[in-house]
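Peer 1:
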Amino acid sequence: MKEAVIDLTTLPSIDALLQAVSDIELPHSLKKNEARTLLNEIRTLASKGKSAPAGTIEDNFKRRLNKILNSLRKVINGTGVVVHTNLGRSPMSNEAHASLELLRDGYVNLELDLDNGRRGSRHDHLRPWIQALTEAENGILVNNNAAAVLLSLNSLADKKEVIISRGQLVEIGGSFRIPEILRKAGSKLVEVGTTNRTHLKDYEAAITPRTKLLLWVHTSNYKITGFTKEVGLQEMVALGKKHDIPVMADLGSGALVPIDRYDLQREPLVSEVLKAGVDVVTFSVDKLLGGPQGGIIAGRHTLIQKIEKNNLLRALRPDKTQIQLTLEALKAFSSKFDSLGDIPIYRDFDSDVSRLKQRAESIIEKVKNNKLHLTAIATQAQVGSGASPSETLDSYGITTQHPKLKPAKLAACLRANFPAIMGRINDDTFLIDLKAVRESEDADIIQALDDLD
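Taking my numbering, I'd label the letters of the sequence shown as residues 40 to 492.
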C-alpha cells in the first residue's frame with residue numbers, strides 16, 4: 040500500500056501544540072523549541088514523499104515532551120549483563136549513596152587543608168586508599184579510564200614514540216580506540232608484531248632514542264586463541280629497565296580482588312601488575328570496583344607527580360561527588376572479601392541460582408495475565424563491560440510469550456513501563472534474566488506483566 044502523503048495545510052500551529060500540552064510541566068521555551076522542531080521534521084518528511092509518524096501530531100508531541108521530562112529513569116536490568124554500560128555500568132551500594140549526605144546543602148574541604156587553612160589538593164582524599172589497595176607508590180583519580188590513558192600518555196610521551204603490540208590495539212565501547220587515543224595524546228604510535236603473535240624481540244627492534252614508553256593493554260573485551268604469542272609484563276619490565284623506558288599498563292576493568300572465586304576468568308590484579316614492576320597502571324572505577332564513573336592512575340611516585348603537573352589534568356579532574364563515591368567504593372575493598380557482599384555487582388556474581396529459580400517461579404505464580412505464557416528457565420548471564428568476555432554466570436530467568444505481541448514488541452512495551460524493564464531476546468523469545476534484578480524489583484515485574492494487553 041502506498042504511504043499517505045502529508046497534507047501540510049493541516050499542520051497545527053505552534054500555539055495549538057502548546058495548548059495541547061499545557062498540563063506538562065516543562066519550561067515554555069523548551070516546549071516551544073520542541074514544537075518547532077517536530078513541525079520542521081514533519082515538513083522534511085513531506086518534502087521526501089514520506090508519511091508522518093503514526094498517531095496524531097499532538098500525541099507525538101506529548102510523547103516527545105514526556106520523554107524529555109522522564110529522560111533519566113530507573114531501569115530494571117533483566118538483560119543478564121551485570122556490569123551493563125548502557126545502564127550505567129556498576130550499580131552503587133547503599134553505603135555509597137548514604138555517604139552523599141555529607142554533600143547535602145553545605146560545603147566540604149575539597150581543596151582545603153584544614154590543618155593550616157591553606158589550599159590543598161583534591162587528589163589527597165583518595166591517595167592513601169589508592170596506595171594501600173593497589174600497593175602503588177602514588178595514585179590519582181580522573182573522570183574516567185579513557186581520560187586516565189589520555190593524560191598518562193600525554194604526560195609521559197607527548198610528541199614521542201610509544202610501542203605497542205598490534206594484538207593490543209583494541210577498541211572498546213563508544214568507538215574508543217587505542218590508536219586514536221594515542222594520537223589525541225600527541226604520541227606517535229609504533230606497532231610491533233602481528234595480531235596473534237608478538238615477541239620480545241619485536242619490541243626491542245622497535246626501540247629508538249625517541250621511544251618514551253612501552254604500552255601494554257589488557258585485552259579484556261575479547262580473546263585470541265590458537266596460534267598465539269604475547270609478551271608477559273615481567274619481560275616488558277625487564278626490557279624497559281634495560282633501555283631506561285617506563286612501562287605503562289592499561290588494565291581496563293581493574294580488579295582489586297581475584298574474581299575467579301566466582302568461577303570467572305581471572306583478571307590481572309592491579310597490585311600484581313605493579314609488583315611485576317610496571318611503572319604506571321590505569322583502570323576503571325565503574326566496573327569491577329563498583330564505583331561511579333572514574334579512572335585511576337597508579338604507579339611510580341615520580342611519574343604520578345609528572346602526570347599531576349600536566350595542565351590537562353584540570354580538564355579531567357574529578358568533582359566532590361565523584362571523589363566521595365569513589366572513596367566509598369575503595370573502602371569496601373579494605374577488608375578484601377569480607378565486605379564484598381556490600382558491593383552490588385559482587386552480590387550479583389555470588390547470587391544463589393536456586394534462589395533465582397525460586398523467584399522466577401514465584402513471579403510466574405503471581406502473574407494473573409492469562410494471555411501470557413511464562414516459563415522459568417536456566418540461563419547464562421555475563422559480567423559485561425569487557426570483563427571476562429567469554430565467561431558466563433549461571434542464572435535463572437523467565438521467558439515471556441504473548442499470542443499477539445512479538446518479542447521485539449514485548450521488549451518495547453516493557454521498556455515503556457515505569458520503571459523500565461530491560462530483557463533480552465533469545466531464540467525468538469523475550470527473556471527476563473534475574474541475575475542482576477533486585478528482589479525488591481520482582482513486584483514491579485509482576486505488575487508490568489499483568490498490565491500487558
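All C-beta atoms in this analysis are idealised placements derived from N, C-alpha and C, irrespective of residue type, glycine included.
(1) For LYS268, which residues does DSSP report across the bridge?
(2) Is LEU50 helix, strand or coil when you go by DSSP?
(3) Report yes or no: is there a C-beta of chain B within less than 9 Å of the C-beta of THR418?
(4) Starting from LEU228, follow its DSSP beta bridges and name the residues at the other end.
(5) So GLY494 and PRO383 are in contact, right, with Cβ under 8 Å, and what is the actual spacing, rounded?
(6) Could you tell me if SER204 is buried or exposed, where buried requires 16 or more neighbouring beta carbons within 10 angstroms of its beta carbon?
(7) List the endpoints of the continuous alpha helix (DSSP H) containing PHE100.
(8) Within the stretch 312-357, note down every full beta strand (DSSP E) run reaching 3 residues or more, in order along the chain.
(9) Can you look up HIS412 in the DSSP assignment and give me helix, strand or coil?
(10) For my contact list, LYS268 and ALA196 are in at a C-beta cut-off of 8 Å; report their separation, rounded to the angstrom.
(11) Using the Cα positions of ASN235 and ILE217, report the straight-line distance between them to the nearest angstrom.
(12) How would you call HIS257, buried or exposed, if buried means at least 16 neighbouring beta carbons within 10 angstroms?
(13) Consult DSSP for GLN440 and reduce its assignment to one of helix, strand or coil.
(14) Report, in whole angstroms, the separation of the C-beta atoms of LEU470 and VAL406, which I expect to be a contact under 8 Å.
(15) Sort GLU367, ARG398, ILE63 and LEU411 by Cα distance to LEU492 and report the nearest one.
(16) Residues in its own chain within less than 6 Å of ILE81 by CB, not counting five upstream and five downstream?
(17) Can you check which of these residues, LEU449, LEU355 and SER310, is closest to GLU174 by C-alpha distance?
(18) Whose CA, out of LEU77, LEU78, ASP54 and ASN79, lies closest to the CA of HIS67?
(19) Just the Cα atoms here: how many angstroms apart are VAL121 and THR431?
(20) Are the Cβ atoms of LEU352 and VAL181 separated by less than 9 Å?
(21) CB LEU190 to CB ASN349, shorter than 9 Å?
(22) Is the beta carbon of ALA171 less than 9 Å from the beta carbon of SER374?
(23) Using the Cα positions of LYS281 and ARG305, report the straight-line distance between them to the nearest angstrom.
(24) Run the CB neighbour count on ILE107, radius 10 Å, all protein chains shown included, and call it buried at 16 or more, exposed below.
(25) So, do the stretch 272-291 and the stretch 317-332 have three or more beta carbon pairs nearer to each other than 8 Å?
(26) State yes or no: is the C-beta of LEU139 nearer than 8 Å to some heavy atom of the ligand FAD?
(27) Buried or exposed: which applies to PHE457, given that a residue is buried once 16 or more other Cβ atoms fall within 10 Å of its Cβ?
(28) Is it true that the stretch 131-141 meets the stretch 393-409, where meeting means three or more beta-carbon pairs spaced less than 8 Å apart?
(29) Distance check for ARG339 and ALA245, CA to CA, integer angstroms please.
(30) Compute the Euclidean distance between the alpha carbons of ASP62 and LEU56, then round it to the nearest angstrom.
(31) Quick check: the Cα distance between LYS443 and ASN408, rounded to an integer number of angstroms?
(32) Does the contact criterion of 3 or more C-beta pairs under 8 Å hold for the stretch 360-372 versus the stretch 158-168?
(33) With DSSP as the reference, please indicate the residues paired to ASP433 in a beta bridge.
(34) Tell me which residue opens and which closes the beta strand (DSSP E) that THR250 is part of.
(35) Between ALA185, ASN193, LYS199 and LYS198, which has its C-alpha nearest VAL209's C-alpha?
(36) Leaving out five residues before and five after ASN148 in sequence, what residues of the same chain have Cβ atoms less than 8 Å from its Cβ?
Peer 2: Taking the definition as stated:
(1) Taking the first residue of the sequence shown as position 1, residue 268 is located at position 229. DSSP output for LYS268 lists ARG236 as bridge partner(s).
(2) On the sequence shown, position 11 is the one that residue 50 refers to. It is coil, neither helix nor strand.
(3) Among the chains of the structure shown, chain B does not appear; only one protein chain is present.
(4) By one-based count along the sequence shown, residue 228 stands at place 189. Answer is VAL201.
(5) The displayed coordinates of the chain run from 40 to 492. Any statement about residue 494 would go beyond what the structure contains.
(6) Locating residue 204 in the sequence shown gives position 165, where the first residue counts as 1. Label assigned to SER204: buried.
(7) Along the sequence shown, one-based indexing puts residue 100 at 61. Bounds of the alpha helix (DSSP H) holding PHE100 are 96-108.
(8) 319-323 and 334-338
(9) If you number the sequence shown from 1, residue 412 lands on position 373. Shown here, HIS412 sits in a strand according to DSSP, grouped into three states.
(10) As a first step, residue 268 is located in the sequence shown; it is residue number 229 there, counting from the start. As a first step, residue 196 is located in the sequence shown; it is residue number 157 there, counting from the start. LYS268 to ALA196, Cβ: 25 Å. No contact.
(11) Within the sequence shown, the letter at position 196 stands for residue 235. Within the sequence shown, the letter at position 178 stands for residue 217. So the alpha carbons of these two residues sit roughly 17 Å apart.
(12) Within the sequence shown, residue 257 is the residue found at index 218, counting from 1. Buried is the call here.
(13) Here residue 440 refers to the residue found at position 401 when the sequence shown is read from its first residue. Strand.
(14) As a working note, residue 470 is residue 431 in the sequence shown. As a working note, residue 406 is residue 367 in the sequence shown. About 15 Å separates the two Cβ atoms, so there is no contact after all.
(15) Taking the sequence shown and counting its residues from 1, one reaches residue 492 at position 453. Note that residue 492 is Asp in the sequence shown here, rather than Leu. Measuring from the Cα of ASP492, the nearest candidate turns out to be LEU411.
(16) Along the sequence shown, one-based indexing puts residue 81 at 42. Cβ within range, chain order: ALA91.
(17) Along the sequence shown, read from residue 1 onward, the residue named residue 174 stands at position 135. Nearest C-alpha to GLU174: SER310.
(18) The residue you call residue 67 lines up with position 28 of the sequence shown. The shortest C-alpha separation from HIS67 is found at ASP54.
(19) Position 82 of the sequence shown, counted from the first residue, corresponds to residue 121. Position 392 of the sequence shown, counted from the first residue, corresponds to residue 431. Approximately 11 Å, taken between the alpha carbons.
(20) The residue given as residue 352 occupies position 313 in the sequence shown. The residue given as residue 181 occupies position 142 in the sequence shown. In contact: LEU352 and VAL181 (Cβ atoms closer than 9 Å).
(21) Start at 1 with the first residue of the sequence shown, and residue 190 comes out as number 151. Start at 1 with the first residue of the sequence shown, and residue 349 comes out as number 310. Result yes, Cβ atoms of LEU190 and ASN349 sit closer than 9 Å.
(22) Position 132 of the sequence shown, counted from the start, is the residue given in the question as residue 171. Position 335 of the sequence shown, counted from the start, is the residue given in the question as residue 374. No, they are not a contact pair.
(23) Walking along the sequence shown from the start, residue 281 turns up at place 242. Walking along the sequence shown from the start, residue 305 turns up at place 266. The C-alpha of ARG305 is placed about 30 Å away from the C-alpha of LYS281.
(24) The residue you call residue 107 lines up with position 68 of the sequence shown. Classification of ILE107: exposed, given that the 10 Å Cβ count is below 16.
(25) Two segments are said to touch when three or more pairs of C-beta atoms, one from each, lie closer than 8 Å; by this definition the stretch 272-291 touches the stretch 317-332.
(26) Of ligands this structure carries none, so the ligand FAD is not represented either.
(27) Locating residue 457 in the sequence shown gives position 418, where the first residue counts as 1. PHE457 should be labelled exposed.
(28) no
(29) Position 206 of the sequence shown, counting from 1, holds the residue named residue 245. Position 300 of the sequence shown, counting from 1, holds the residue named residue 339. Distance from the CA of ALA245 to the CA of ARG339, rounded to the nearest whole angstrom, comes to 24 Å.
(30) Here residue 62 corresponds to residue number 23 of the sequence shown, with the count starting at 1. Here residue 56 corresponds to residue number 17 of the sequence shown, with the count starting at 1. Separation of ASP62 and LEU56 (C-alpha to C-alpha, rounded to the nearest whole angstrom) is 12 Å.
(31) Working through the sequence shown from its first residue, we reach residue 443 at position 404. Working through the sequence shown from its first residue, we reach residue 408 at position 369. Cα to Cα, the separation comes out at about 14 Å.
(32) Judged by Cβ distances under 8 Å, the stretch 360-372 makes contact with the stretch 158-168, as three or more pairs qualify.
(33) Stepping through the sequence shown from its first residue, residue 433 is reached at position 394. ASP433 is bridged by DSSP to GLN419.
(34) Position 211 of the sequence shown, counted from the first residue, corresponds to residue 250. Its beta strand (DSSP E) spans residues 250-256.
(35) In the sequence shown, the residue the question calls residue 209 occupies position 170. Of the candidates ALA185, ASN193, LYS199 and LYS198, the one whose C-alpha sits nearest the C-alpha of VAL209 is ALA185.
(36) What you label residue 148 is simply residue 109 of the sequence shown in a count that begins at 1. Result list for ASN148: GLY159, in chain order.
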